[in-house]
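Protein chains: 2
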Amino acid sequence: MNTITYTKHNTLLGEYQIKKLEEERSFLDLIHDHGIEGFDAPCGGNGTCGKCRITIVSGSVSHVTENEKKRLSSRELSAGIRLACSCSPRSDVVIDLSHHDLESAVISAASSGGRQVSRIKPRITRKPLDMLPDGSLEDQRALLSKAIGNASASLSMKVPSALLSSLHSHIGTEADLVLKDGVPKRIAHRGEKLYSIAVDIGTTTVVCYLVDLEFGEVIDNFSGLNAQKKFGADVISRIAYATSSVEQQVRLQRAIVSQIDSGIRALAERHTISPEQIMQITIAGNTTMMHLLAGADTSGIAASPFIPVFTDFLTVPAVELGFTFTPNLEVELLPSVAAYVGADITAGIHVAGIHVDNTPSILLDIGTNGEMAFSISDHIICCSTAAGPAFEGANITFGTGGVRGAIDTVKLDDHTVSYTTIGGIDPIGICGSGIIDCVAELIRTGLVDYTGRLLTPEETDHPGIKYCDGDPVFCITALDEESADHAVYLTQKDIREVQLAKAAIAAGLQTLLSEAGVAEADVEHLYLAGGFGSYIRPESAGEIGLIPKQLVARTKAIGNSSGEGAVRFSCWEDHAHDILTVAQHCQYIELSGHREFQDFYIQEMLFPMED
Amino acid sequence: MNTITYTKHNTLLGEYQIKKLEEERSFLDLIHDHGIEGFDAPCGGNGTCGKCRITIVSGSVSHVTENEKKRLSSRELSAGIRLACSCSPRSDVVIDLSHHDLESAVISAASSGGRQVSRIKPRITRKPLDMLPDGSLEDQRALLSKAIGNASASLSMKVPSALLSSLHSHIGTEADLVLKDGVPKRIAHRGEKLYSIAVDIGTTTVVCYLVDLEFGEVIDNFSGLNAQKKFGADVISRIAYATSSVEQQVRLQRAIVSQIDSGIRALAERHTISPEQIMQITIAGNTTMMHLLAGADTSGIAASPFIPVFTDFLTVPAVELGFTFTPNLEVELLPSVAAYVGADITAGIHVAGIHVDNTPSILLDIGTNGEMAFSISDHIICCSTAAGPAFEGANITFGTGGVRGAIDTVKLDDHTVSYTTIGGIDPIGICGSGIIDCVAELIRTGLVDYTGRLLTPEETDHPGIKYCDGDPVFCITALDEESADHAVYLTQKDIREVQLAKAAIAAGLQTLLSEAGVAEADVEHLYLAGGFGSYIRPESAGEIGLIPKQLVARTKAIGNSSGEGAVRFSCWEDHAHDILTVAQHCQYIELSGHREFQDFYIQEMLFPMED
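Those protein sequence lines, which keep their order, are chains A and B. Residue 41 is where the first sequence starts when you use my numbering, and the numbers rise one by one after that. Residue 41 is where the second sequence starts when you use my numbering, and the numbers rise one by one after that.
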């Protein structure tokens, strides 16, 4: 009796080979019999939904049914697309399920706000060298042609010499030809796992993700403060450092490259991975971080009219950048939009999925700059506002980053203050989310009025309000002490810093809404990108007017979408192309000198009045 | 008064910048005023031919006229295509003339049998860095984006790190960004010339061409006998050598790489060219030569079913192959069709232009294998026959290559023999063209009958026919001597070798004609490729039945079309894509075991009878 042999040609939902059967069974039955995950037929195989599309790659199958003619276009039919429920094999057949999955991926991305990653066409594919058809006088195709399949001829088919010299000896063995974007790269043993490194270079923090390419899963990461930090805390000070001499620019480049290089080495050692098993390094970050990594001049970014050296996607040989552990790899730099809308934002737009939402949605990344994107029908508008570093704790008397001991939540009532710290230890300062919480509570309780003025001890009996060096302050800690000397407190100047920062971001949002002609009430989702976005409480952000109050309930933090975008870019062809497309469809709105923005900025300087 | 400034943006017919004018003048007038070559308006600017298409790259121009609406599709209009005769600038404008030239190039290639090379879109382009529009708040495009133009986003945008770090400092200077296939490669000074190296690796001879990329012209070459020759004279003996051990395979690879490397070095020294000025190395040759260069296993080529490792176009890093003078370049390997229809033939098909001829045409390359291609409507069929080395002088008693002293033409009358030698010196042997001439004359004069039998001295009084070791021979030299001891002669066995060789090639041609269902009389052109093809006299080839007699007058030698194809591939995008397309559209017909071929082979063993 003939048995059915399913052979996974490709990783995940790629190509499957089906041996000729003696009994007639539909492809849908065969797919279900063999427990292939991720392939759905919503109507249960009744032929009514038209969703169970497969592509016949080779082999002979049953005739097109009337039902298929109704549900598939003639273009689809001529491309070999069939309904799995209505079609069955007539010979050994290879089918491709990736098309089906691509569609379902887009649907799930749209309906879930982009937080669910479906498995679609991988960038790294493996072709088993023991499964190639034998050569014959009827099939004289070259070994490489058979292994690659019908790639279209292009001028960018760069193949390593070692592969050409060793391919022949691996044919018929338990080895796979590994292709990246359809171009042969190396030969791997059947059991050898392959990885990519995805990196998010934040101005403050750098995270390297080790990604298992078979499943597109992050299996470990290595993170730390950006090694460039000692040369400047923020983007502008690093640009100042880099542009003062070539040596200093090179020093910044070496710092970040060697940090990532060490990260890769550490991850590889931890998981016993050889450099050859790593297929690429994919990097996202803001435009300045990308420039400093690439060794590009950043002076154009710092000053009007803010012209970067590059924004398009490009790859650079790792060895040229100074990578030593994996010198032969390509370093992929995700596309940016402008000097202050970087690859972290294009990655974020993709991960949030606002460009495939059918409703107006916003992505907001709060840092020293508030970077934001707004999707409307077929394009995306985006801008960046200079919020200043108040939300990162800089320029705030007791401000600090999100470190152990930082006050991260604050609650007030008439006579007490309660707070939490990161790590639950004694407070050493206050970080961004604590600052927003505290100011929100001060407004809610009337201790700060809508102009931002902090009440004096004469005007209130709240024990947090004290004098310090003659000016009123609000103490979060040490309320029972007479003086503010041992307390963590906010000053009037601190509150002014918060006012300026929130005004910039809120005015940016209003400008985008106005440019798009969309009312606040019509915005469906507001996604907060970045680490900071995960920590702030939307209610507090609404209270201080950082985000519109009506959108508080529709606000959702999506975490490190820059890193997540880099991970997806490194694994999935469809995601990579989506990010390239996002970058091309983003229209940047320059706010400096933008009349409407200035009007909004002045309006938003005030805190919201009670409803 | 404003003046018109034309600035060549690109080499040749690429982009031109036009400064705003005070008087209204059509683009056609401006183009003619400034003597731009290669741009034709067949109707003389009357607006009736619709041929003077240009593309408006940027700037404002006059409105679309009714005439343009009639002659251009809406798709063309929306792509910015206009008629130069009916459109004039309204501001500073950049126009692109390459589109126009592309069309005219295709037309001229078709009408001239492909022997005329027009200047079309170059693969290497230069963007002047002193002509980029200044950045402004309205135009914040990155420097690289402005320099590249609107390239579509792709995953293969590999940029050298050195370019990213130096681009900024060259903006506004008299330097050009150099792009290869649209990907930025380096920065060149305005006056710095750029070159490519095109190589034809023949089994016998290797030629390296130095190509000036501005004009697509070969300015020098370096040639020599293939350095692998000492390891085997022909393809089969080299494969035998290569496959007996890895060391021997490497030895063959080193021999050819170091030969080409030295050739490049010699050409560079001769013309004072630095390695950076050379943009690529482009190589054509038969499939075995390509494999030996790439270090790929050739055992599959030697034995049935004749499976090569690769046939598709690919590039390999020069350093990996062992190139030392230009280690950073890509070595481009032109596409082949099969084990015995190599890149020399795909290049030859392109150069002969048989695939764009509207009439059935044949390309024939005679060597140890007779390789041939026949174009019919939308595809090309090709095959290879094992002719053996008789036409290269091997296995012929006095046979020799085309060297000084080789008899290269022979003429008989009833009592004399006249001949010429290469270099006009005393004869040392007879080369392929002399052999064909001599056999043709023997047939014409009846000294050899149609079965190939040489008359004996008893049967003729021609002084060339003598005995030698008891067998009749035909002496070409020393006719006045009694014995053949000091003569250059052909033996009966030599004539049998010629019979076998010509039968293989003639049968191959007949098989292609039969497969295509085309009669000999309907073949319009027979192009002879390769050095040998240039030397043989078509009349003699027709006399011995090597080519059909009716095609003698339609036979044309096209020289080293393999090298010429490599030169074109290295210079022109359109030619490169054409060669890729040719390779994809070639259908290979395997003659071993081909029934009809065997019948033809037996028929063609006989020489043609007198008409």
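Yeah, the Cβ is synthetic: ideal placement off N, Cα and C, and Gly gets one too.
Query                                                                                                                   : Result
Partner residues on chain A for B/V381, Cβ-Cβ distance less than 8 Å                                                    : Near B/V381 there are no residues of chain A at all, since even the closest Cβ is about 10 Å away, more than 8 Å.
Beta-bridge partners of A/D69, as assigned by DSSP                                                                      : Note: A/D69 sits in no beta bridge, so no partner.
Proximity test, Cβ basis, 8 Å: A/V349 and chain B                                                                       : yes
Nearest neighbour of A/K269, chosen from A/V246, A/L253 and A/S285 [CA to CA]                                           : A/V246
Residues of the region 225-244 of chain A whose Cβ lies closer than 8 Å to any Cβ of chain B, in chain order            : none
Cβ neighbour criterion (16 or more within 10 Å) applied to A/T399                                                       : exposed
C-alpha gap between A/R93 and A/C127, whole angstroms                                                                   : 10 Å
First through last residue of the alpha helix (DSSP H) which encompasses B/T328                                         : T327 to A334
Buried/exposed call for A/M319, threshold 16 Cβ in 10 Å                                                                 : buried
Cβ shell of B/H526 (< 7 Å), same chain only, five flanking positions each side left out                                 : A518
C-alpha distance - B/D454 paired with B/T485, whole-angstrom precision                                                  : 7 Å
At least three beta-carbon pairs within less than 8 Å, the region 198-212 of chain B to the region 376-388 of chain A   : no
For B/S98, the residue or residues it bridges with in DSSP                                                              : B/V134
Pair within 8 Å by beta-carbon distance, B/A324 and B/G605                                                              : yes
Minimum length 3: unbroken beta strand (DSSP E) runs contained in the region 486-574 of chain A                         : 505-508, 511-515, 529-531 and 565-569
Backbone CA spacing between A/E636 and A/E555 [nearest angstrom]                                                        : 9 Å
Cβ-heavy atom distance, A/I483 to the ligand ATP, below 7 Å                                                             : As for the ligand ATP, it is missing from this structure, which has no ligand bound.
Every unbroken alpha helix (DSSP H) within the region 160-219 of chain B, with a cutoff of 4 residues, ordered by chain : 183-188 and 201-210
One or two residues paired with A/E579 in a DSSP bridge                                                                 : A/E579 pairs with nothing; no bridge assigned.
Beta strand (DSSP E) segment containing B/G605, residue limits                                                          : Run containing B/G605: none in the beta strand (DSSP E); it sits in the alpha helix (DSSP H), S601 to C611.
Within chain A, the residues that B/E636 reaches when beta carbons sit closer than 9 Å                                  : Residues of chain A passing the Cβ test: none, with the nearest at roughly 15 Å.
CB-CB length for B/H565 against B/K596, believed under 8 Å                                                              : 7 Å
A/P404 versus A/T496, A/F365, A/R594 and A/M645, residue with shortest Cα-Cα distance                                   : Per the sequence presented here, residue 404 of chain A reads as Leu, with Pro not at that position. The candidate whose alpha carbon is nearest that of A/L404 is A/R594.
Proximity winner among A/A81, A/M330 and A/T105, relative to A/I296 (alpha-carbon distances)                            : A/M330
Cβ neighbour criterion (16 or more within 10 Å) applied to A/H419                                                       : exposed
Distance between B/Q288 and B/R226 (C-alpha atoms, nearest Å)                                                           : 38 Å
Contact with chain A by B/L360, beta-carbon distance below 8 Å                                                          : One detail in the question is off: residue 360 of chain B reads as Glu in this sequence, not Leu. For B/E360, the answer is yes, since a Cβ of chain A falls inside 8 Å of its Cβ.
Where B/G154 falls, given that 16 or more other Cβ within 10 Å makes a residue buried                                   : For B/G154, the pLDDT reaches just 35, beneath the cut-off of 50, and the residue's location in the model is therefore unreliable, leaving the point undetermined.
Neighbouring residues, chain B, relative to A/P200 (Cβ below 8 Å)                                                       : V356, P357 and E360
Chain-ordered chain A contacts of B/A343 [CB-CB under 8 Å]                                                              : Ordered by position in chain A, no residue passes the 8 Å Cβ test against B/A343, which lies about 10 Å from the chain.
Chain B residues whose Cβ lies nearer than 7 Å to that of A/G633                                                        : L177
Length of the line joining the Cα atoms of B/N261 and B/L183                                                            : 38 Å
Cβ-Cβ distance between B/I10 and B/P467 below 8 Å                                                                       : With chain B covering 41 to 651 only, the question about residue 10 of chain B has no answer from this structure.
Rounded separation between B/R122 and B/D73 - CA only                                                                   : 19 Å
Between the CA atoms of A/G242 and A/P162 - distance to the nearest angstrom                                            : 27 Å
Interface flag, B/L404 vs chain A, CB-CB below 8 Å                                                                      : no
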